[in-house]
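Here's the structure, in structure tokens; my notes come after.
2 protein chains.
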Amino acid sequence: MKKISIVLVDDHQLFLEGMERILESENEFSVINNFQSSEKLMATNFVSPPDLFVLDVEIPVINGIALCQYIKEKYPSSKVLFVSMYVNNQFVRAAKEADADGFISKNSSAQYVKQSIRSILCDNKIFPALINKTTSNNGLLMLSKREKEIMQLIKAGKTSKKIAEELFISEFTVETHRKNIFKKLKIESSVQLVNFMHEHHM
Amino acid sequence: MKKISIVLVDDHQLFLEGMERILESENEFSVINNFQSSEKLMATNFVSPPDLFVLDVEIPVINGIALCQYIKEKYPSSKVLFVSMYVNNQFVRAAKEADADGFISKNSSAQYVKQSIRSILCDNKIFPALINKTTSNNGLLMLSKREKEIMQLIKAGKTSKKIAEELFISEFTVETHRKNIFKKLKIESSVQLVNFMHEHHM
DNA sequence: ATATCAATACCTGATTACAGGTAATTTTGG
DNA sequence: CCAAAATTACCTGTAATCAGGTATTGATAT
Chain A
0 MKKISIVLVD
10 DHQLFLEGME
20 RILESENEFS
30 VINNFQSSEK
40 LMATNFVSPP
50 DLFVLDVEIP
60 VINGIALCQY
70 IKEKYPSSKV
80 LFVSMYVNNQ
90 FVRAAKEADA
100 DGFISKNSSA
110 QYVKQSIRSI
120 LCDNKIFPAL
130 INKTTSNNGL
140 LMLSKREKEI
150 MQLIKAGKTS
160 KKIAEELFIS
170 EFTVETHRKN
180 IFKKLKIESS
190 VQLVNFMHEH
200 HM
Chain B
0 MKKISIVLVD
10 DHQLFLEGME
20 RILESENEFS
30 VINNFQSSEK
40 LMATNFVSPP
50 DLFVLDVEIP
60 VINGIALCQY
70 IKEKYPSSKV
80 LFVSMYVNNQ
90 FVRAAKEADA
100 DGFISKNSSA
110 QYVKQSIRSI
120 LCDNKIFPAL
130 INKTTSNNGL
140 LMLSKREKEI
150 MQLIKAGKTS
160 KKIAEELFIS
170 EFTVETHRKN
180 IFKKLKIESS
190 VQLVNFMHEH
200 HM
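Residue numbers (numbering that gives the first Met the number 0), protein chains in the order written: chain A, 0 to 201; chain B, 0 to 201.
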């Protein structure tokens, strides 16, 4: 029987080696390559693409989501499984939109990873249930698309004036959005907003 | 020959299992236990303490540094090796002060981890060289004690007025410090300061 | 000893943020 | 189609930040 060929991408060498050993301990898996950065993978041409790519979301420079899109375009037959430190709606949604096949936590057991891979190879999708909007308590999911956009620009250190220019809207509008963001997140300054965003890995 | 007994502590199950396999692949190492939190380890009483504890720095609630102090007090004969995602002066200094025996990156190879453990068991210390103050380029190490203190209060979302009250100094002084921090870090707003601090894991 | 740095404090003016409204238009979902 | 939500915009006043100085005192290091 042919083994399931796997490529790993994570910025930490120890994780790569650990994961490799976990997978290789089963006869059915074969880790054919691993990469410490998206760029290195992109510099490689697979003559026969692997059955599965295992990606971390948070890798420097080019993140896992972008890498997933690249992979899915270049090797449409390969599956992609995210293994991430943090499982939140933003990440899971982004992974789904990038056409990934699964998203699991680094908090999973080795057993669960193996099961997930087998399942994905049978064309199943493995995603955590998204937290319900209405029962959410962190306010983040109540933010509109525009508010999230402005939030990012505030974090980037831009003033309301510059944000207004960039989005071709009034400075008043930007400040209204800012106020609404603050209300929804129950905070009262940009500094607190930036803290909130970092805590939620945005 | 007696094997080197090891206990692992990390908040991610996959890392624990990977590390365990890496170490167990050599006959000389034996992972006798692993824990996903400091609390769980603290709830355990080792009749014969392990030769070595491998700790992550950033584990929730009770961090690795505090755990190291606890371990060194309760099991003085055991060694402690930190394996951390981020290697910076703050972390390394804290580890040294907590009487740890080594500090290596999660970016290390499996081979290097094993070598480090062997070395530590021979009473050597394994620490990265601290970045030289004068040749530092990130500006962080050029900050004075007072500036670092004020930086933390800014990040906590406090105004200059409140910081002044808290430190029993003038509001003008706080703003002078703020300006000097900005100059040294080459930034121009509190939002950028908070971003900088998060990027440097402060 | 003296030069450098840390910590302190003050001044001014401009800009920005924050809090508290109100309100019109458009989009979206049921 | 209609209600709710999103996006837009404006007004006012207060508070805070930011940028540009100057200057004194004490510690520290060569």
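Beta carbons are placed, not taken as given, at the ideal position from N, Cα and C, and that holds for glycine.
- Your pair L51/B and S77/B checks out as a contact, with CB atoms roughly 7 Å apart and the cut at 8 Å.
- Residue E57/A holds the alpha-carbon nearest to the alpha-carbon of A94/A among K161/A, S118/A, E57/A.
- Beta-carbon to beta-carbon, I21/A and A109/A are separated by about 5 Å, close enough to satisfy the 8 Å threshold.
- For F34/A, the closest of M0/A, K154/A, E27/A, P59/A by C-alpha to C-alpha distance is P59/A.
- I153/A has a beta carbon lying within less than 8 Å of a beta carbon in chain B.
- Pairing P127/B with V86/B gives a Cβ-Cβ distance under 8 Å.
- Scanning the stretch 89-169 of chain A from its first residue to its last, the whole alpha helix (DSSP H) runs of 4-plus residues come out as 109-120, 144-154, 159-166.
- Neighbours of E16/B in chain A, taken as residues whose beta carbon is under 8 Å from its own, are G17, I21, S108, A109 in chain order.
- Taking 8 Å as the CB threshold, L13/B lines the interface with chain A.
- Of the candidates E19/A, D9/A, Q191/A, E23/A, the residue whose Cα lies closest to the Cα of K39/A is D9/A.
- With respect to chain A, the C-beta atom of S36/B has no partner C-beta closer than 8 Å.
- In the DSSP assignment, the residues bridged to K78/A are L51/A.
- Between I180/B and E146/B a beta carbon distance of about 5 Å is seen, short of the 8 Å cut, so the two are scored as contacting.
- Per DSSP, the beta bridge partners of S29/A are S4/A.
- For S36/B, DSSP records no beta bridge to any residue.
- In terms of CA proximity to E25/B, V112/B leads the group V193/B, N194/B, Y74/B, V112/B.
- Legend: CB atoms of the stretch 77-94 of chain A lying less than 9 Å from CB atoms of chain B belong to residues V82, M84.
- Beta-carbon to beta-carbon, K105/A and H200/B are separated by about 18 Å, too far to satisfy the 8 Å threshold.
- Judged by DSSP in its simplified three-state form, S188/A adopts coil rather than helix or strand.
- At a cut-off of 8 Å between C-beta atoms, N32/B does not count as an interface residue with respect to chain A.
- In chain B, no part has a C-beta under 7 Å from the C-beta of V53/A; the shortest such distance is about 11 Å.
- In this structure K161/A is not in contact with M196/A, their Cβ atoms being roughly 18 Å apart against a cut-off of 8 Å.
- Partner residues in a beta bridge of S24/A, as assigned by DSSP, do not exist.
- Chain B places no beta carbon closer than 8 Å to that of G101/A, leaving this residue out of the contacts.
- In this structure, L66/A places its C-beta atom within 8 Å of the C-beta atom of S37/A.
- No Cβ-Cβ contact shorter than 8 Å links D100/B with K73/B.
- At least 8 Å separates the beta-carbon of S118/B from that of L13/A.
- 8 Å or more divides the Cβ of P49/A from the Cβ of I64/A.
- By the Cβ neighbour-count rule, S143/A is exposed, with fewer than 16 other Cβ atoms within 10 Å of its own.
- One Cα belongs to T158/A, the other to K178/B, and the distance between them is close to 18 Å.
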